[in-house]
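Asker: Numbering (full-length UniProt numbering), first residue to last: 1 to 69.
Heads up, the beta-carbon is just placed ideally off N, CA and C, and yes, glycines get one too.
All of these numbers come straight from a predicted model, not from anything done at the bench.
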């Protein structure tokens with residue numbers, strides 16, 4: 001654990017010091033959570049197929065449907 005000196009910290013009223021954030025319902029807002037697992041690239045290799053025209057422009061009738069025309 002690292003410690004740091006903050007100039008003027010002793011001038012802060014102890015009633016206003018907090019060790020963590022408190023929500024309006026009284027529960028602490030900051031909670032410890034385990035670190036997430038690293039992303040593993042290539043896990044689905046060969047199991048997913050993306051069509052060749054995946055990024056092709058949509059036909060007019062679909063654009064009209066999305067835009068409510």
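Is it the case that the CB of residue 55 approaches a heavy atom of the ligand PLP more closely than 8 Å?
Answerer: Judged by which ligands are present, the structure shown has none, so any question about the ligand PLP falls away.
Asker: At which residues does the alpha helix (DSSP H) containing residue 51 begin and terminate?
Answerer: For the purposes of this step, residue 51 is taken as the residue at position 51 of the chain shown. Here residue 51 belongs to no alpha helix (DSSP H), and DSSP marks it neither H nor E.
Asker: Reducing DSSP to helix, strand and coil, say where residue 70 ends up.
Answerer: Shown here, the chain extends from 1 to 69; a query on residue 70 therefore has no answer.
Asker: Less than 8 Å between C-beta atoms, sequence neighbours within five positions excluded: which residues of the same chain meet that for residue 64?
Answerer: Numbered from its first residue, the chain shown carries residue 64 at position 64. Once the five neighbours on either side are set aside, residue 64 has no close Cβ partner at all.
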